[in-house]
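Protein chains: 4
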Amino acid sequence: MKAVVKTNPGIGAEFLDVENPKPGKRDAIVKVQATSICGTDVHIYEWNEWAQKRIGKDKLPQVLGHEVAGEVCEVGSDVKKIKTGDYVSAETHIYDPRDLTALLGQFHIGERMKILGVDTDGAFAEYIKVPEAVCWINDRAIPPEIASIQEPLGNATYAVLGEDNDVAGRSMAVIGDGPIALLAIGVARTCGATPIFHIGKYDFNMEIGKKMGSDHQLYANKEFDRVGYIRDHTGGYGVDIVLDMAGSPQALEEGFKVLRRGGRFTAFGIPAKSPLMIDYADGIVFKGAQVHGISGRKIFDTWYRVRNLLASGRLDVSPVITHLFTLEDYRKGFDLMMERPRKSAKIVLFPDKDEFERAKERRL
Amino acid sequence: MKAVVKTNPGIGAEFLDVENPKPGKRDAIVKVQATSICGTDVHIYEWNEWAQKRIGKDKLPQVLGHEVAGEVCEVGSDVKKIKTGDYVSAETHIYDPRDLTALLGQFHIGERMKILGVDTDGAFAEYIKVPEAVCWINDRAIPPEIASIQEPLGNATYAVLGEDNDVAGRSMAVIGDGPIALLAIGVARTCGATPIFHIGKYDFNMEIGKKMGSDHQLYANKEFDRVGYIRDHTGGYGVDIVLDMAGSPQALEEGFKVLRRGGRFTAFGIPAKSPLMIDYADGIVFKGAQVHGISGRKIFDTWYRVRNLLASGRLDVSPVITHLFTLEDYRKGFDLMMERPRKSAKIVLFPDKDEFERAKERRL
Amino acid sequence: MKAVVKTNPGIGAEFLDVENPKPGKRDAIVKVQATSICGTDVHIYEWNEWAQKRIGKDKLPQVLGHEVAGEVCEVGSDVKKIKTGDYVSAETHIYDPRDLTALLGQFHIGERMKILGVDTDGAFAEYIKVPEAVCWINDRAIPPEIASIQEPLGNATYAVLGEDNDVAGRSMAVIGDGPIALLAIGVARTCGATPIFHIGKYDFNMEIGKKMGSDHQLYANKEFDRVGYIRDHTGGYGVDIVLDMAGSPQALEEGFKVLRRGGRFTAFGIPAKSPLMIDYADGIVFKGAQVHGISGRKIFDTWYRVRNLLASGRLDVSPVITHLFTLEDYRKGFDLMMERPRKSAKIVLFPDKDEFERAKERRL
Amino acid sequence: MKAVVKTNPGIGAEFLDVENPKPGKRDAIVKVQATSICGTDVHIYEWNEWAQKRIGKDKLPQVLGHEVAGEVCEVGSDVKKIKTGDYVSAETHIYDPRDLTALLGQFHIGERMKILGVDTDGAFAEYIKVPEAVCWINDRAIPPEIASIQEPLGNATYAVLGEDNDVAGRSMAVIGDGPIALLAIGVARTCGATPIFHIGKYDFNMEIGKKMGSDHQLYANKEFDRVGYIRDHTGGYGVDIVLDMAGSPQALEEGFKVLRRGGRFTAFGIPAKSPLMIDYADGIVFKGAQVHGISGRKIFDTWYRVRNLLASGRLDVSPVITHLFTLEDYRKGFDLMMERPRKSAKIVLFPDKDEFERAKERRL
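Protein chains in written order, with the working numbering: chain V, 495 to 858; chain P, 495 to 858; chain F, 495 to 858; chain Z, 495 to 858.
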């Protein structure tokens with residue numbers, strides 16, 4: 495089959511013929527209909543410090559990608575939850591059922607879990623092998639390019655809902671303008687957060703944020719009293735909920751400042767360097783803040799909510815999908831992902847040209 | 495001042511000149527801009543069994559009404575939270591700060607609380623006396639006819655959110671088609687519940703429910719397998735959340751049946767007779783159901799959310815307001831409220847004719 | 495091997511030689527060290543209406559029992575979580591991973607789950623086959639007779655903690671005096687519930703309840719104003735939490751009456767007949783009660799807590815274990831379980847005589 | 495009356511005759527039976543940087559102290575919750591009912607709240623003026639020296655329970671050995687936390703921690719792999735809950751390390767300098783940690799639980815009370831509080847010598 499493969503250390507990847515995956519006893523083989531590019535894929539493509547350390551050259555060659563939607567075309571001998579013909583996506587966090595977190599129902603943050611497309615061959619291919627345990631059956635009302643981005647949409651949904659699911663009628667600030675931040679704005683809007691303040695950098699993405707439902711657009715890279723503005727628009731108190739999707743020192747500093755006393759701070763963005771300076775005393779202790787560290791998606795509570803929101807048409811994430819390419823044109827996708835100022839959000843690839851054409855038509 | 499007064503046992507009320515209320519030390523006098531009719535007002539107007547027992551003829555005469563929006567025109571000597579000129583509504587549950595529930599932050603269900611318009615003179619008048627403790631400052635973006643119905647909208651919001659605030663991406667069945675059920679559909683829709691099944695009786699109200707956002711309309715008074723229909727549309731499992739806003743034996747029976755295992759059942763509707771038969775074993779214990787008894791509104795957490803939802807325009811409750819009258823025309827309102835099949839939902843009265851005219855213009 | 499087998503409809507069971515169980519790919523074979531008698535076993539032994547309907551004569555013969563502790567002596571080819579030599583107990587609810595509840599982390603109440611010892615051969619034998627998915631690795635500090643009763647202790651723990659885990663410093667009434675009620679008193683005491691009112695019938699069990707930590711013992715079968723007594727001892731308000739472990743009409747009536755407004759009612763006991771009369775209006779709606787339907791144990795959150803409580807010695811459940819017998823003497827156990835007034839609580843059986851002797855020594 | 499008064503900038507305080515306090519309309523005058531020394535009192539006594547900034551010399555003279563138990567001897571004209579003769583303690587956080595947090599039920603962390611004994615005259619006197627709103631009626635089963643320390647015990651209780659009240663059967667690490675940490679160990683033990691690891695410095699206090707219920711004592715100031723030790727004793731995962739009561743860089747670093755994935759971190763200790771370095775990426779985000787900023791006590795949910803725990807004798811905090819003095823001997827108390835290595839925990843002062851004698855007898 496054709497696949498986008500990381501073959502060597504250094505920037506880039508190749509479009510190659512590789513062997514089709516074969517299922518283990520509890521695996522499914524999924525024929526990929528759509529697969530989307532994540533920031534993690536870009537890190538591996540660029541072969542940055544994280545990728546060198548996390549994957550390492552000895553594991554190459556490896557097929558990239560983990561966001562996916564497709565049809566199950568083969569299952570292992572002991573597979574029970576799914577069957578050939580099912581229309582599925584994949585949870586990226588392949589949990590180990592022996593982990594304490596798995597025993598306690600927190601499958602997404604286990605000690606021994608593996609990451610699809612990082613620890614295993616990925617989805618930028620015609621076929622992908624997925625353990626049955628992390629297959630999720632999609633609603634057929636959701637087209638493949640949307641179903642593929644359910645994975646980052648799940649991140650966004652978990653980040654918006656936090657551990658307490660309390661968002662209805664709550665004010666919110668979303669910091670960051672990457673694809674997950676833009677999806678989070680959509681989820682927050684659909685789930686009753688109001689008002690929504692969006693802090694970001696790039697016009698292209700701020701505009702998408704507005705389409706997704708932000709009420710106020712504030713630029714992180716302009717001289718402007720963002721903290722004062724948000725306090726002025728929340729009775730002087732600050733917002734009930736802050737979603738940090740950026741992880742930068744500025745984001746964390748401003749985030750804790752615009753949070754009202756007793757509010758919730760979603761810690762989602764990953765700082766480039768950690769440890770880093772946090773105003774722990776005033777930002778957390780005295781403020782009585784609740785900081786929710788969020789990584790991944792609840793398995794499968796988040797997926798279930800996402801399916802409900804998408805299948806009914808309540809949530810329209812199409813503004814966040816800015817580009818469609820055939821899998822063969824993956825380089826165009828990666829180039830766009832790395833461009834600054836940003837000119838793209840979510841980019842979806844299609845191994846099959848007919849599916850690509852149908853997706854383009856659906857976008858009209 | 496003019497007021498609608500219950501003067502005698504038996505049906506009806508009179509439009510009379512009464513003395514203006516005078517504030518106690520911790521009271522505010524509110525000039526009523528809009529006041530809406532609640533089912534409780536109808537019970538008192540009809541002087542039904544509940545009213546005879548709860549109020550009693552010895553307490554008459556009494557001014558009716560408790561849903562209100564208006565301007566503070568006078569405050570008692572010790573009032574600190576509000577001031578003359580504030581635009582306010584009133585929480586109906588006048589809590590006693592000595593109650594255990596008040597000490598524990600559950601102000602709305604105290605042993606010794608009084609009910610505005612039931613235990614005190616009410617809002618169907620030019621002026622009403624309201625204890626400072628239950629005044630809520632409105633956002634001026636909310637017009638009086640909407641601000642007045644925040645009280646039942648608060649019921650609806652608390653019922654939708656339950657004690658766990660978990661509604662985003664959850665499927666829901668709303669049983670009942672009175673005004674609070676219709677408002678609940680709107681809140682549920684705005685806060686990400688999906689899909690929403692509505693079970694009711696009257697075409698007029700089912701139609702409003704649809705405008706407020708119900709996805710499926712099922713008639714309680716027609717031969718139809720409602721339980722089967724809802725299961726069919728939820729993968730065979732039933733809904734995550736049931737809101738019973740009817741309280742009838744049929745509603746409770748069907749409600750527990752359409753609830754999925756491990757789901758949440760909001761107990762809001764009041765049965766005409768209680769105790770009554772409940773399928774406690776299969777409906778609650780084996781199902782692992784969580785039943786949330788909901789009465790009133792969280793003081794003031796619910797009000798805060800309602801204000802956010804309304805002020806931003808996220809939630810449009812205007813379809814539920816079906817009629818506006820001057821206070822003098824209160825009889826038209828009560829007649830409509832008592833008509834079956836229903837031909838009205840929420841009815842708002844205006845003591846001031848100019849405000850009435852402005853409200854009519856806003857409706858166009 | 496030797497096993498206690500239900501062979502025919504009608505009361506009783508036989509001690510027979512049966513074939514040893516063989517593991518499926520994902521099963522473990524456990525050499526039984528201790529196994530305890532549950533009320534469900536008694537129902538099957540008696541072959542009551544429930545047993546006739548739930549199991550049916552066509553499924554006989556069947557080995558009884560599901561509470562167990564023992565050593566893994568063989569595992570199927572695909573078993574990964576456990577290994578030979580592990581000291582385990584078994585979660586009785588064999589969930590189906592395809593159920594919606596399983597996807598949402600509520601494994602214990604699935605539509606398609608099977609019950610160990612009801613839908614499968616059970617633990618009153620020298621060996622039992624247990625699906626890997628429901629094996630729980632015990633702490634070796636916990637002796638077999640205690641490890642075996644972790645299953646009902648898990649029921650008790652989940653009932654005490656409810657869905658919100660909120661029990662510290664809360665007042666509680668426990669209604670019922672079966673073994674799980676007695677265990678619940680111990681858990682409640684160990685987890686900070688105070689004061690604890692115990693309502694039961696039999697002196698023998700009330701005395702054990704006292705040893706487990708009840709502060710007040712009230713008899714359900716004596717003329718006494720239990721509701722008034724509990725209110726008098728809780729400032730007039732009633733208790734924060736009611737655990738109904740009886741399910742009788744009287745228990746439910748009194749339970750909702752002694753619950754304070756805004757309190758939590760754990761619905762655990764199974765009424766002999768359902769539907770039944772519940773004071774839904776005053777007991778749930780107006781009171782703002784939260785009713786937590788509890789069945790089974792959280793998989794494996796409850797097990798984890800139980801292990802911590804037992805392994806550290808914080809919780810001593812030995813007073814609830816009233817009798818030890820060899821497996822061969824199972825009839826003595828069943829006779830005692832059926833005796834009224836009660837003269838036993840938890841009864842543990844031992845297939846191995848040496849283990850039986852060791853257990854007796856540990857009790858001294 | 496006699497009182498301990500801060501008269502001048504610089505270390506120390508004086509024992510003076512001052513005028514008796516007079517109640518405002520909504521105040522109570524409390525005859526002090528017992529009053530205990532808090533770290534905050536020491537800061538003011540020492541007149542450290544915080545005190546100079548927070549209070550300032552222009553506000554002097556001021557009576558110190560805020561932990562108190564006594565009898566109401568006079569009430570203002572509008573007081574309704576309490577009456578002369580009530581046996582009360584005082585919540586230190588005098589909330590402003592206009593604050594958003596107060597409207598939302600989070601009274602303890604308001605923007606405009608005042609602190610008793612910091613913003614007002616305090617409790618190191620024969621009489622103290624307390625706003626009715628923050629009076630709490632004690633159970634008479636609790637002697638004054640215990641009732642006085644309910645305030646820090648409330649801190650400890652809120653810290654142990656966190657925002658989710660989930661502590662039963664959970665493993666815990668308590669970092670710090672000041673009086674609140676020692677009280678927290680007692681609460682944790684009484685409420686089912688197990689095992690409890692205690693990290694502290696001073697033998698004197700570690701010994702008290704052991705009496706209060708710690709299972710493992712680890713010294714922060716000795717060469718020892720504390721993180722490894724705790725992981726080894728928790729199956730390799732770390733503890734479910736960390737209570738940081740120290741606020742030092744070492745405490746925060748080790749605290750986030752010993753927390754298991756998906757665990758809860760109570761942020762209670764105040765760092766000497768903030769911002770400071772936090773391992774936000776690995777400690778919070780990737781770990782899926784929930785950080786609960788805790789300041790003060792829930793008003794009055796925490797007080798209610800504390801009362802239940804103390805009145806029933808479940809929780810014995812007497813080991814934490816190391817010294818009793820007459821109020822006149824306050825200098826001895828302050829000297830002990832400032833001594834390092836620590837040789838004291840909680841110190842209680844008595845304005846009345848007879849009460850002092852009775853307290854000494856109760857200690858025998």
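Cβ coordinates follow ideal geometry from the N, Cα and C atoms, glycine included. Computed from a predicted model, the values in this text were never measured in an experiment.
Query: Short Cβ contact (9 Å threshold) for Z/R791 with Z/N699; Result: no
Query: Where F/D511 falls: helix, strand or coil (DSSP); Result: strand
Query: Local conformation of V/V800 per DSSP, three classes; Result: helix
Query: Contiguous alpha helix (DSSP H) assignments of at least 4 residues, all confined to the stretch 611 to 684 of chain Z; Result: 638 to 642, 644 to 655, 673 to 684
Query: Cβ contact (3+ pairs, closer than 8 Å) linking the stretch 687 to 701 of chain Z and the stretch 720 to 730 of chain Z; Result: yes
Query: Residues in the stretch 680 to 692 of chain P having any Cβ partner in chain V nearer than 7 Å; Result: T684, C685, G686, T688, P689
Query: Cut-off 6 Å between Cβ atoms - residues of its own chain near F/H560, not counting five sequence neighbours on either side; Result: T586, L610, G611, G616, A617
Query: Listed by chain order, chain P residues near F/D850 by CB distance under 9 Å; Result: Reading the sequence as shown, one finds Phe at residue 850 of chain F and not Asp. Result: empty, since nearest Cβ-Cβ is about 35 Å, beyond 9 Å.
Query: Contacts that V/M771 makes with chain Z (C-beta to C-beta distance below 7 Å); Result: P769, L770, M771
Query: Residue from V/F850, V/D848, V/H786 whose Cα sits closest to the Cα of V/D490; Result: For chain V, the structure presents residues 495 to 858; residue 490 of chain V sits outside this window and is missing.
Query: Check whether Z/H602 and V/G782 have beta carbons under 9 Å apart; Result: yes
Query: Other residues of its chain near Z/K751: CB distance less than 6 Å, five sequence neighbours each side excluded; Result: V721
Query: Within 9 Å, strictly: CB atoms of F/A761 and P/V779; Result: yes
Query: Entirely enclosed alpha helix (DSSP H) segments - the stretch 682 to 758 of chain V, minimum 4 residues; Result: 697 to 706, 720 to 726, 743 to 752
Query: Whole-angstrom C-beta distance between Z/L821 and Z/K496, which should lie under 8 Å; Result: 7 Å
Query: Beta-carbon proximity check, V/R758 vs V/G656, cutoff 9 Å; Result: yes
Query: Buried or exposed by the 16-neighbour rule on C-beta atoms within 10 Å, applied to F/E849; Result: buried
Query: Proximal chain F residues relative to P/P646, where beta-carbon distance stays under 7 Å; Result: Those do not exist, as P/P646 stays about 16 Å from chain F at its closest Cβ, beyond 7 Å.
Query: Per DSSP, the bridge partner or partners of F/S530; Result: F/E561, F/V842
Query: Listed by chain order, chain F residues near Z/S806 by CB distance under 8 Å; Result: T688, P689, D709
Query: Nearest neighbour of V/V512, chosen from V/W797, V/I505, V/Y621 [CA to CA]; Result: V/Y621
Query: Residue environment, Z/D795, which counts as buried when at least 16 other CB atoms sit within 10 Å; Result: buried
Query: Bridge partner(s) assigned by DSSP for Z/I772; Result: V/L770
Query: Alpha helix (DSSP H) segment containing V/G827, residue limits; Result: 824 to 832
Query: Environment of V/D709 [buried if 16+ CB atoms lie within 10 Å]; Result: buried
Query: Under 8 Å from the C-beta of P/S665: neighbouring residues of chain V; Result: N802
Query: Beta-ladder partner(s) of P/S583, from DSSP; Result: P/A563, P/W630
Query: Cβ of V/T614 within 9 Å of any chain B Cβ; Result: The structure shown has no chain B; the protein chains it does contain are V, P, F and Z.
Query: Per-residue burial, V/P835 [other beta carbons within 10 Å of its own, 16 or more giving buried]; Result: exposed
Query: Neighbouring residues, chain V, relative to F/D572 (Cβ below 9 Å); Result: K519, R520, D572
Query: Nearest-angstrom Cα separation, counted from Z/H537 out to V/L770; Result: 29 Å
Query: Local conformation of P/T501 per DSSP, three classes; Result: coil
Query: Whether V/G663 touches V/I679 by CB criterion (9 Å); Result: no
Query: 7 Å CB neighbourhood of F/E639 in its chain, flanking five on each side removed; Result: A528, I815, L818, V842, A853
Query: Close beta carbons around P/Q784, own chain, < 6 Å, minus the five adjacent residues each side; Result: R758
Query: Bounding residues of the alpha helix (DSSP H) (the contiguous stretch that carries F/T816); Result: No alpha helix (DSSP H) holds F/T816; the beta strand (DSSP E) holding it covers 815 to 820.
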